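Step one of this worksheet: look at the structure below.
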Amino acid sequence: MALPPIAVLGGGNLGSAIVTGLVGAGLRDLRVTTRSAASAARTAGGPVRAVALEDDPEANASAVAGAGIVVSGVKPAGTADLLRAIGPALAPDAVVVSLAVGTPVAALEAALPAGAQVVRAMPNTPVRVRQGVTGLARGTGVADAGFAAVQEAFGLLGEVVVLDDARIDRISTISGSGPAYVYLLLERFADAAVGLGFDRADAERAVAQTFAGALALLAASGEPPAALRRAVTSAGGTTAAAVAVLEHDGALGRLIEDALAGALRRADELAGR
Ligand SMILES: NC(=O)c1ccc[n+]([C@@H]2O[C@H](COP(=O)([O-])OP(=O)(O)OC[C@H]3O[C@@H](n4cnc5c(N)ncnc54)[C@H](OP(=O)(O)O)[C@@H]3O)[C@@H](O)[C@H]2O)c1
Numbered sequence: 418m419a420l421p422p423i424a425v426l427g428g429g430n431l432g433s434a435i436v437t438g439l440v441g442a443g444l445r446d447l448r449v450t451t452r453s454a455a456s457a458a459r460t461a462g463g464p465v466r467a468v469a470l471e472d473d474p475e476a477n478a479s480a481v482a483g484a485g486i487v488v489s490g491v492k493p494a495g496t497a498d499l500l501r502a503i504g505p506a507l508a509p510d511a512v513v514v515s516l517a518v519g520t521p522v523a524a525l526e527a528a529l530p531a532g533a534q535v536v537r538a539m540p541n542t543p544v545r546v547r548q549g550v551t552g553l554a555r556g557t558g559v560a561d562a563g564f565a566a567v568q569e570a571f572g573l574l575g576e577v578v579v580l581d582d583a584r585i586d587r588i589s590t591i592s593g594s595g596p597a598y599v600y601l602l603l604e605r606f607a608d609a610a611v612g613l614g615f616d617r618a619d620a621e622r623a624v625a626q627t628f629a630g631a632l633a634l635l636a637a638s639g640e641p642p643a644a645l646r647r648a649v650t651s652a653g654g655t656t657a658a659a660v661a662v663l664e665h666d667g668a669l670g671r672l673i674e675d676a677l678a679g680a681l682r683r684a685d686e687l688a689g690r
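So the sequence shown is numbered by my numbering: it starts at 418 and just counts up by one.
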């Protein structure tokens with residue numbers, strides 16, 4: 418399917434990651450906006466020109482004119498205002514895709530003209546290298562062709578999972594926030610390695626390659642993670658001693674459950690629930 422022109426309003430962390438991924442997939446008709454000129458300069462590059470509202474107050478309206486997919490990449494607090502502002506400029510068949518955590522489809526639809534097509538998307542930052550995971554929830558009025566185009570666009574950026582709106586905030590606690598958990602683990606393992614006497618550069622290299630290698634082996638072997646873990650963990654050995662500490666009384670699982678619950682609570686607060 419030939420994708421329509423795509424506008425990304427709010428080329429920040431996640432918006433610019435999407436743009437970079439789409440450019441990597443060969444797309445060229447991308448319009449990007451930011452609030453400040455400094456952010457626009459950071460986001461622009463290659464075939465992409467980002468226009469700042471600071472330089473052109475009509476930049477968002479210009480970007481959405483004729484765009485078939487309009488991605489709202491601004492913070493949740495600014496999303497409704499942005500949608501109200503662009504509503505009149507949307508093309509009749511445009512699908513508006515909101516990235517905002519904790520902002521349900523109904524709130525997005527309420528900020529747009531009646532009958533507007535709305536999809537909620539929850540991507541993560543590895544979309545930048547086309548290795549992302551994106552949860553998609555379809556609004557009530559979205560035509561099959563519009564939804565197919567959105568699925569195809571995000572499919573260029575990695576895996577797509579179609580969910581109902583209620584579960585979008587749940588996937589955001591796992592895959593949306595997930596890269597931060599992985600980086601935090603890398604940081605803490607590297608800190609511990611420094612504590613064992615390694616210099617920081619060696620520690621970071623060893624830890625990062627251990628994660629990368631473990632995931633590459635997982636993908637290549639087709640084995641489940643538990644089987645690969647058991648293959649490293651001889652009974653009574655050193656790995657078993659470490660795993661016993663991590664798993665003591667279900668400690669690691671509980672810590673992860675508590676972390677996800679915290680993220681979900683925050684999504685509820687943002688949604689005013
Ligand atoms: N970061 C993630 O991994 C992640 C994951 C899932 C969902 N999300 C969601 O994605 C959205 C963006 O998050 P983020 O981390 O990418 O935030 P961010 O880095 O602050 O990006 C927001 C961008 O929006 C621009 N902006 C603000 N108001 C605008 C307007 N009226 N018109 C056009 N551009 C405007 C900002 O420009 P300036 O920089 O000039 O202010 C900035 O470039 C949020 O709704 C968040 O809930 C993020």
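Just so it is clear, CB atoms sit at the ideal spot from N, CA and C, and this is done for glycine as well. Keep in mind the model is a prediction, meaning the values are calculated, not measured.
From residue i to residue j, what distance separates their C-alpha atoms?
i	j	result
Leu613	Leu602	17 Å
Ser479	Ile503	9 Å
Val487	Val512	6 Å
Asp498	Ala657	54 Å
Glu621	Tyr598	16 Å
Ala607	Gly630	16 Å
Ala636	Val436	27 Å
Arg584	Gly689	16 Å
Gly552	Leu580	6 Å
Glu604	Ala618	12 Å
Arg682	Gly495	20 Å
Pro375	Asn477	Given that the chain is displayed from residue 418 to residue 690, the structure contains no residue 375 and the question cannot be resolved.
Ala625	Gly483	44 Å
Arg713	Asp675	The structure shown does not extend to residue 713, since the chain is modelled only from 418 to 690, so the question has no answer here.
Asn430	Ala661	38 Å
Val611	Ala623	11 Å
Gly463	Met418	24 Å
Arg671	Glu640	25 Å
Asp561	Arg537	15 Å
Ala434	His665	38 Å
Is the CB-CB distance between residue i and residue j below 7 Å?
i	j	result
Ala519	Pro543	Sequence check: residue 519 is Gly here, not Ala. Their beta carbons are not under 7 Å apart, which means Gly519 does not touch Pro543 by this criterion.
Val514	Val567	yes
Ala424	Arg445	no
Ala454	Glu471	yes
Ala467	Thr460	yes
Met539	Gly593	yes
Leu669	Leu677	no
Leu507	Val481	yes
Leu500	Ala458	no
Val522	Asp586	no
Return the chain-ordered list of same chain residues with a C-beta closer than 8 Å to the C-beta of residue i, the five sequence neighbours on each side being excluded.
i	result
Gly558	Glu526, Gly532, Ala533, Gln534, Val535
Leu439	Ile423, Leu447, Ala570, Leu573, Leu574
Ala680	Ser589, Thr590, Ser594
Leu634	Leu645
Ser651	Ala657
Thr450	Ala424, Val425, Leu426, Gly427, Gly428, Ala457, Ala467, Val468, Ala469, Leu470, Ala476, Asn477, Ala480
Could you tell me whether the Cβ of residue i comes closer than 7 Å to any Cβ of chain B?
i	result
Asp473	Within the model displayed, chain B is absent; a lone protein chain is all it includes.
I'd like the list of long-range same chain contacts for residue i, defined as Cβ closer than 6 Å, with 5 residues on each side in sequence excluded.
i	result
Gln548	Gly575
Phe564	Arg555
Gly432	Val425, Gly490
Ala765	With the chain covering 418 to 690 only, the question about residue 765 has no answer from this structure.
Asp685	none
Spell out the partners DSSP gives residue i in its beta bridges.
i	result
Ser370	With the chain covering 418 to 690 only, the question about residue 370 has no answer from this structure.
Gly549	Gly575
Leu555	The sequence given here places Arg at residue 555; Leu does not occur at that position. Arg555 pairs with Val536.
What does a CB cutoff of less than 7 Å around residue i pick up in its chain, not counting 5 residues either side in sequence?
i	result
Leu692	Nothing about residue 692 can be reported from this structure: the residues present for the chain run from 418 to 690 only.
Asp510	Gly485, Gly563
Asn691	In the structure displayed, the chain extends from 418 to 690; residue 691 sits before or after that span and is not available.
Item to check | Around ligand 1, Cβ to any heavy atom closer than 6 Å, ordered along the chain | outcome: Qualifying residues, in the order they occur: Leu426, Gly427, Gly428, Gly429, Asn430, Leu431, Gly432, Thr450, Thr451, Arg452, Ser453, Ser456, Leu470, Asn477, Gly490, Val491, Lys492, Pro493, Gly495, Leu499, Leu516, Ala517, Val518, Met539, Asn541, Thr542, Ser589, Gly593.
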